[in-house]
Structures are given as structure tokens and as C-alpha cells.
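Visitor:
Chains as they are written, first to last, in full-length UniProt numbering: chain A, 1 to 364; chain B, 1 to 364.
Next comes the structure, spelled out in C-alpha cells:
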């Protein structure tokens, strides 16, 4: 009745994904923990210990004040982490009543915020106020300041935007949140494993960040599914807890119930193998590749957005985009239709050269 | 800085989990697809095709009217599937306005409903009305009928309850939902791979079921994370869709963003290997083990709940429960404190004999 299973594709021509080929150690660890569930720590004790290690590793990257004691957990990905950050802020907002839904609460985020914030708003019944960007695709602090009010439960800053790889002015946004008594969340889902090797201000050390998304399964080179949510204070996670009887745990703060032990073990193994030197090398290589690609595209007359983190966007016509996809390149587009190439660790200079060669052939 | 990784435990003494040792084919498939993301089908085409196969397989088990064309997807687990069922019903309920939160909408579920429904209610801002069970731990249709009203968006029936493995009177509950124009959801997360080999009425063929949870990573012997949400009509999933720009897909109906290709591939491989004969054999063996264990416990004077599906609950004193855990047995308790043993496929008769031997030793 069924066809034989297709082979999983190689990453050779994948220029669209924010995930990447896992580190070999991470793959091996994930395989060993395939049948475990960190959502049931009383049964699966080994993976519960590993999760504490993963959180400590992520907290170290994000300059948490007390990494060994940081609140957080390994999520299914950035979407879960962002949804949970909004949920926590909603539940903690003064005057809120989580039982009844929150008609009046709002969340202020730049237009560049990941669509998981739209999903969160729809799920959680809060208003999402998206505010315009500045001329270089970053959150405009003045626009954010104009949008917040007493009903603002959360301000969102993006440290590595999905479309252009931009880093918002995190300290300024944190101050604005602080002034109105709102929580402040930084979405570094993709950027979090690159930013420690840059001069950007993005972390717990740089601003009054309450919660932060940082995904091992993106630049962290862990296998899917391994996202990360961190919080400065335990109270942010406590606001997510729902009592559960039969798991021999007091409560479950996660969005999902059963979770992937493979993701947790893979994250720990990747961080062990790569932090900090391996991640630094990967970040530098990716940055060089992005610069190179943007230069090549600009040389050919395309309007290329100067890369800030290793992500290149350029105004390539629809017909050429289609031809590149037909040639087997996995590429995607920004909301306004620009070609978007994410220079993940699996994206080599040789692959980018072949990509440019194909583009030249298509243009002829 | 870090300790060497602990070994993942064996399943030998795990009597508490609703997950199990994956089938070898499923493990192999999961390992091949560790680095893929079904949340990005334009990039990861192979796993997108596999997901359609997984949904068809689940829909076949659940007697969906058109399995090859069924609406559904592979979730991170039963919690996501149940949350999404509540969300879909909320969004589809007449007069609802998802943007504003839903103060007035309610969901009616038996007290035996999984705690994911409590999580869903808190997340989604709907009222959860839990109604008492009958004397044998099943939903009482009269109590459900008394609880529903015009603001009821969803009635929940459980086909294999978490605490006692009970199957609610699904057809009666479906009729009650129908009468008030509410949606009807069946939570067969754990029971779904056992129920096809019983006389219970639980599926799309047995009642006006709108949505159904059925998890490959439980009795389906797929690796974590692989849950399943099915819907009778596409509209139930359409009500979950949030537009997303950069993934080259029209919309994303899932709760999480990035998802596990390993879970999807593992689910397909498990269903290929085991449906129907392998699942039938596993279900029969599990039922015999549960009967045997309940009998042994009753012989020793414990008040054991007669198993309906392969799950045994018995009134074992706290001190003996603690001693069993100290002896290395992973056991859990019901909300009222009874010992709870889930006879999953990895639970052998030999293990249960050893468990009873340890219990005898403890009682001496």
C-alpha cells in the first residue's frame, strides 16, 4: 500500500532554512535519547539532568547573571519559546485574570517580529501592536515608545530578525519596557549562537531582559527539536505552571507535554563540542560567506541588503527566483519578495559559488 | 566543566510511562530524519510527503471516512493535539472573536480528561467545565448534558483515560455535543492504537467526532515526539491557520513552528511495520499482562481497578509505593494516590513477575 520511504535530502542546496546539519556528537547523543521524555522527569531521570545542563549552557551564551541556576527549559523551537514568553507576560501583568482571557492586554513588537508572535496573540487573546521599522529594518524606539501604554504586558526586541538578520536596539527597547512596567523579551532564536561573537548588545547583561529565546537547533547545530526559553527570574516560569497529578512532578510549565529527549541530549552535546571556539569559527565563517554573497549579488546589479548577521536579502526578480528553485536550490523570500539566503554552518563557499554560477546561467 | 553524559536508562523497569521502546524500523527512520523540519515543507519536501502518509495511517486506524484525504498533522504529542482541538473549536464557535479573547466560551470535559485541557483553557481563555464521572471512572452523559449550553464550543470524550484507561460513552457524548451545536473531540492519545482491536465505540465511524487525538509515540511504538491530530473536515484545521510569509507556504496550522522530521518518519515506519497485525498482537499481549497484574494485586488484597484498556490501578499504600520506587521501579500514582502501572509494549510478563516479587519482599 505505501511507497518506500524517500531519502532525506542533503543540505547541499538548502539556503532557506534556519536549521542546519547537526554536529556529529549532537546527532549521536540524539540517537541515544530518541525514546526519552523530559516532560516526565520522574521516569526519565537522565534526560532531566541533561536538561539542566542545556539550560546552563544556553544561559552562559546569553550572559544570564546566574547560569548554573537560570530558569528555562528546552522547547520544541522558537515558536514555543516566544508563545510562552507572551503567555508569561500576560499572566504576570498587573490586573490580569488568566481564567477569563485578557481582552485588554497588548504586546508591542516591531514589524520584523517572527510570526510566532502573531500566533501567540491569536492563541492567548492579547492584542499585538506591531510598530514600523527604521530605514535599516530595525525596531524604531520612538515608534515603540509611542505604542506602549499601561496595558502593555510585553515589549519584544529581535536580535537577529528572520527576514533581514537585523538586531534591534535592545537596551533602548528594554528601557522603554521598564518605564511602563512591561516585561521585555528578546527573540534571539536564530541569532543567539552568533551574537556572543559580535559587538551587539542583546543579552541579559546588556539590558533589563526578562525572557529570551535562543534555539540550539538553529546556529547551535543541535538536531530538531531543540529550542530554548530562558528567564531572568523563576517567577517568569512559575507563571506558566499548570498542576499535573500523574507525572510525579509538582507542575508543568511547558507548552507541550511529552517532549523530545533527543533534542535535549543533542543540545547538550552540541554545546559541549562547540562552545565557545567552534561556535566562534562557525559564526566568522558564516559572516564571511554572507559578505561575499552580498558582494557578488551587488556586483551583478541586485539591490542587496548589507548583512548584519549571516543572512543575505536581495531584490532578485520572481522569474529568476523560480528558475533557481527549479535548479534545485532551496531558497525563500522575504514578505516583500526579496530572495533570502541564510548562511548557516552547512552553507559552504563552494555551494554559494555554485549558486552564483547558476544565477549567472539563468540571467544569460 | 560538564560531567560525562549519563546513559539513557533502559525501559526494563519503566511502568509509569505512556511512551515505549520504539520499533527498530521506527528508530532507524527517525535517525535518518533527525535534521529535517516538517514545519518548512518547501525546504524539506521528503518529510512533507511522509507526513501525508502518517496522517493517512492514523486516519485509517481511527476509521476516518476518507483516510487518504484526511485533515490532520503530526503534533509534538497529545497535549498539542488537545490544545489545538480546543483552539479550533473556540475559533469556530459562533459569535467568537479570536482577536479579543473569549470570555464566554466553555469546554465541557469529564474529570478524567488529561490535564492538557486545563492547560488549553488557561492558554486560550476559555472556561473548562469538568463534570463528575460515573462509578466506573467514565464520563457520565447525564452530567455532561447538564453542563453544556449555548456557549459550549466543545465537548470532550476520553477513549483511554490517563489514570484508569477508561473509555467514555463516545456515541452518547457525541449526540449531546450535536444537540447544542458544539464540536466533539475524542482524546484517544494513548488508546488509539489499541482500540481498533476492541469492541469499544470510539472512532470517526462510531460517533459525530469532529477532531481526534491519536499519538504514534504511545502505543504506536514511534519515537518521541510524534503525536497526532485528526479532523473530520478541513475547516477544523483551517481555523488554526496563521499566515506566514517566509516559509513559502500559505499558512501554518500547527501550534509549534519547527517540528520534528524524526517523529514523522518514525511514525510512518512504525505504522508500516505494525499495522494491523503487529499492533493487534501488542494490544492482546498488553491486555493479558494487565489482567494478570490486576489479578495478582487483587490476590494480595489490594483494591485493584478492573482494567479496561491495558492500565492497572490499585490502592497500594504510600510506604510500599516509595519502597518500589527505591527498588528502581518507575511507577506513578493517580490523583487519589493509587499505584498506576501502564502495560506498554516494552512491559513484559517477566518484568511484571519481578515487580510482584519485589512487592512481596517489601510486604514481608
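For glycine and all other residues, C-beta sits at the position ideal for the given N, C-alpha and C.
#1: Apply the 10 Å Cβ neighbour rule to residue 99 of chain A and answer buried if 16 or more other Cβ atoms are within range, or exposed otherwise.
#2: Would you call the segment 76–94 of chain A and the segment 134–154 of chain A in contact, with 3 or more CB pairs under 8 Å?
#3: Using 8 Å as the cut-off, can you tell me whether the segment 71–90 of chain B makes contact with the segment 211–218 of chain B, which would need three or more C-beta pairs spanning the two stretches below that distance?
#4: Give the straight-line distance between the Cα atoms of residue 227 of chain B and residue 211 of chain B, rounded to the nearest whole angstrom.
#5: Locate the beta strand (DSSP E) running through residue 206 of chain B, then write down its first and last residues.
#6: Any idea what DSSP makes of residue 55 of chain B, helix, strand or coil?
#7: Have a look at the DSSP bridge pairing and note the partners of residue 332 of chain B.
#8: State yes or no: is the beta carbon of residue 118 of chain A nearer than 9 Å to at least one beta carbon in chain B?
#9: Taking residue 266 of chain A and residue 48 of chain A to be in contact with their CB atoms under 8 Å, please state how far apart those CB atoms are, rounded to whole angstroms.
#10: Can you check the segment 25–84 of chain A for any alpha helix (DSSP H) of at least 4 residues that lies completely inside it and give the ranges in chain order?
#11: Since residue 320 of chain B meets chain A, which of its residues come closer than 9 Å, beta carbon to beta carbon?
#12: Residue 159 of chain A to residue 225 of chain A, Cα distance in whole Å?
#13: Going by DSSP in three states, residue 230 of chain B sits in which element: helix, strand or coil?
#14: Within the same chain, show all residues whose beta-carbon is closer than 6 Å to that of residue 264 of chain A, passing over the 5 residues directly before and after it, in chain order.
#15: Have a look at the DSSP bridge pairing and note the partners of residue 127 of chain B.
#16: How close, in whole Å, do the beta carbons of residue 223 of chain A and residue 62 of chain B come, if the pair is a contact with beta carbons under 8 Å?
#17: Consider the Cβ of residue 267 of chain B: report whether some Cβ of chain A lies at a distance smaller than 9 Å.
#18: Which residue or residues does DSSP assign as beta-bridge partners of residue 93 of chain B?
#19: Go ahead and label residue 3 of chain A buried or exposed: buried means 16 or more other beta carbons lie within 10 angstroms of its beta carbon, across all protein chains shown.
#20: Looking only at its chain, what residues have a beta carbon closer than 7 Å to the beta carbon of residue 133 of chain B, apart from the 5 residues adjacent to it on each side?
#21: Kindly indicate the opening and closing residues of the alpha helix (DSSP H) around residue 293 of chain B.
#22: Closest by CA to residue 191 of chain B, which one among B:309, B:16 and B:342?
#23: Within the continuous alpha helix (DSSP H) that includes residue 269 of chain A, where are the two ends?
#24: Enumerate in chain order the residues of its own chain whose CB-to-CB distance from residue 147 of chain A is below 7 Å, with the five nearest sequence positions on each side excluded.
#25: DSSP three-state call for residue 248 of chain B: helix, strand or coil?
#26: Alpha carbon to alpha carbon, what distance is there between residue 31 of chain B and residue 235 of chain A?
#27: For the alpha helix (DSSP H) containing residue 321 of chain A, name the first residue and the last one.
#28: Enumerate in chain order the residues of its own chain whose CB-to-CB distance from residue 88 of chain B is below 6 Å, with the five nearest sequence positions on each side excluded.
#29: Would a C-beta distance cut-off of 9 Å place residue 157 of chain A and residue 184 of chain A closer than the cut-off?
#30: Buried or exposed: residue 338 of chain A, going by 16 or more other Cβ atoms within 10 Å of its Cβ?
#31: Measure the C-alpha to C-alpha separation of residue 168 of chain A and residue 231 of chain A and round it to an integer number of angstroms.
#32: Between which two residues does the alpha helix (DSSP H) carrying residue 311 of chain B extend?
#33: With distances taken from CA atoms, which of A:67, A:277 and A:313 is nearest residue 290 of chain A?
#34: Would the beta-carbon of residue 297 of chain B fall within 9 Å of that of residue 316 of chain B?
#35: Can you name the residues of chain B whose CB is closer than 9 Å to the CB of residue 193 of chain A?
#36: If we ignore side chains and look at the alpha-carbon of each, how far apart do residue 376 of chain B and residue 344 of chain B end up?
Guide: On the basis of the coordinates in this document:
#1: For this step, residue 99 of chain A is matched to residue 99 along the first chain. Annotation note: pLDDT 45 at residue 99 of chain A (below 50); position unreliable, coordinate value reported separately. By the C-beta density criterion, residue 99 of chain A is exposed, having fewer than 16 other C-beta atoms within 10 angstroms.
#2: The segment 76–94 of chain A is in contact with the segment 134–154 of chain A.
#3: Between the segment 71–90 of chain B and the segment 211–218 of chain B, the count of Cβ pairs shorter than 8 Å is three or higher; the stretches touch.
#4: Reading the second chain from its first residue, position 227 is the one you call residue 227 of chain B. Reading the second chain from its first residue, position 211 is the one you call residue 211 of chain B. As the crow flies, the alpha-carbon of residue 227 of chain B is around 14 Å from that of residue 211 of chain B.
#5: Here the question's residue 206 of chain B lines up with position 206 in the second chain. Under the DSSP assignment, residue 206 of chain B falls outside any beta strand (DSSP E); it carries neither an H nor an E label.
#6: As a working note, residue 55 of chain B is residue 55 in the second chain. Look at residue 55 of chain B here: in three-state DSSP terms it is helix.
#7: Here residue 332 of chain B refers to the residue found at position 332 when the second chain is read from its first residue. B:340.
#8: Start at 1 with the first residue of the first chain, and residue 118 of chain A comes out as number 118. So, interface residue.
#9: Reading the first chain from its first residue, position 266 is the one you call residue 266 of chain A. Reading the first chain from its first residue, position 48 is the one you call residue 48 of chain A. With a Cβ gap of about 16 Å, residue 266 of chain A and residue 48 of chain A do not count as contacting.
#10: Under the rule that a run must span 4 or more residues, the alpha helix (DSSP H) segments found entirely inside the segment 25–84 of chain A read 45–61.
#11: Taking the first residue of the second chain as position 1, residue 320 of chain B is located at position 320. Those do not exist, as residue 320 of chain B stays about 16 Å from chain A at its closest Cβ, beyond 9 Å.
#12: Within the first chain, numbered from 1, the residue matching residue 159 of chain A stands at position 159. Within the first chain, numbered from 1, the residue matching residue 225 of chain A stands at position 225. Straight-line Cα distance between these residues: approximately 21 Å.
#13: Your numbering for residue 230 of chain B matches position 230 in the second chain. Correct three-state label for residue 230 of chain B: strand.
#14: Your numbering for residue 264 of chain A matches position 264 in the first chain. The answer, listed in chain order, is 38, 47, 50, 51, 54 and 74.
#15: The residue labelled residue 127 of chain B in the question sits at position 127 within the second chain. DSSP lists B:106 as partners of residue 127 of chain B.
#16: Translated into positions along the first chain, residue 223 of chain A becomes position 223. Translated into positions along the second chain, residue 62 of chain B becomes position 62. Contact flag wrong, Cβ pair sits at about 30 Å.
#17: Position 267 of the second chain, counted from the start, is the residue given in the question as residue 267 of chain B. So, not an interface residue.
#18: The residue you call residue 93 of chain B lines up with position 93 of the second chain. Partner(s): none; residue 93 of chain B has no beta bridge.
#19: Against the first chain, residue 3 of chain A aligns to sequence position 3. Note on residue 3 of chain A: pLDDT 45, under 50, position unreliable in the model; no value is reported.
#20: Along the second chain, read from residue 1 onward, the residue named residue 133 of chain B stands at position 133. Taken in chain order, the residues that qualify are 110, 111, 112, 139 and 140.
#21: For this step, residue 293 of chain B is matched to residue 293 along the second chain. Segment 277–299, the alpha helix (DSSP H) holding residue 293 of chain B.
#22: Here residue 191 of chain B refers to the residue found at position 191 of the second chain. Cα-wise, what sits closest to residue 191 of chain B is B:309.
#23: Numbered from its first residue, the first chain carries residue 269 of chain A at position 269. 261–274 is the span of the alpha helix (DSSP H), which, as asked, contains residue 269 of chain A.
#24: As a position in the first chain, residue 147 of chain A is number 147, starting the count at 1. These residues qualify, in order along the chain: 108, 129 and 131.
#25: If you number the second chain from 1, residue 248 of chain B lands on position 248. For residue 248 of chain B, the predicted structure reports a pLDDT of 48, less than 50, and the residue's modelled location is therefore unreliable. The matter cannot be settled from this model.
#26: Residue numbering aside, residue 235 of chain A sits at position 235 when the first chain is read from its first letter. Residue numbering aside, residue 31 of chain B sits at position 31 when the second chain is read from its first letter. Spanning the two alpha carbons is a distance of roughly 37 Å.
#27: Here residue 321 of chain A refers to the residue found at position 321 when the first chain is read from its first residue. Per DSSP, residue 321 of chain A belongs to the alpha helix (DSSP H) from 318–326.
#28: Counting from one through the second chain, the residue named residue 88 of chain B turns up at place 88. These residues qualify, in order along the chain: 236, 239 and 240.
#29: Position 157 of the first chain, counting from 1, holds the residue named residue 157 of chain A. Position 184 of the first chain, counting from 1, holds the residue named residue 184 of chain A. A Cβ-Cβ contact shorter than 9 Å links residue 157 of chain A with residue 184 of chain A.
#30: By one-based count along the first chain, residue 338 of chain A stands at place 338. It counts as buried.
#31: Taking the first residue of the first chain as position 1, residue 168 of chain A is located at position 168. Taking the first residue of the first chain as position 1, residue 231 of chain A is located at position 231. In this model, residue 168 of chain A and residue 231 of chain A are separated by some 19 Å (Cα to Cα).
#32: Sequence index remark: in the second chain, residue 311 of chain B carries index 311 (1-based). Note, residue 311 of chain B: premise wrong, no alpha helix (DSSP H); beta strand (DSSP E) at 311–314.
#33: Here the question's residue 290 of chain A lines up with position 290 in the first chain. Residue nearest to residue 290 of chain A within the set A:67, A:277 and A:313 is A:313 (criterion: CA-CA distance).
#34: Numbered from 1 along the second chain, position 297 holds the residue referred to as residue 297 of chain B. Numbered from 1 along the second chain, position 316 holds the residue referred to as residue 316 of chain B. Yes, the Cβ-Cβ distance between residue 297 of chain B and residue 316 of chain B is below 9 Å.
#35: As a working mapping, residue 193 of chain A is identified with position 193 in the first chain. Counting only Cβ-Cβ distances below 9 Å, residue 193 of chain A has no contacts in chain B at all, with the closest Cβ about 15 Å away.
#36: Only positions 1 to 364 of chain B appear in the structure, and residue 376 of chain B is not among them; the question remains open.
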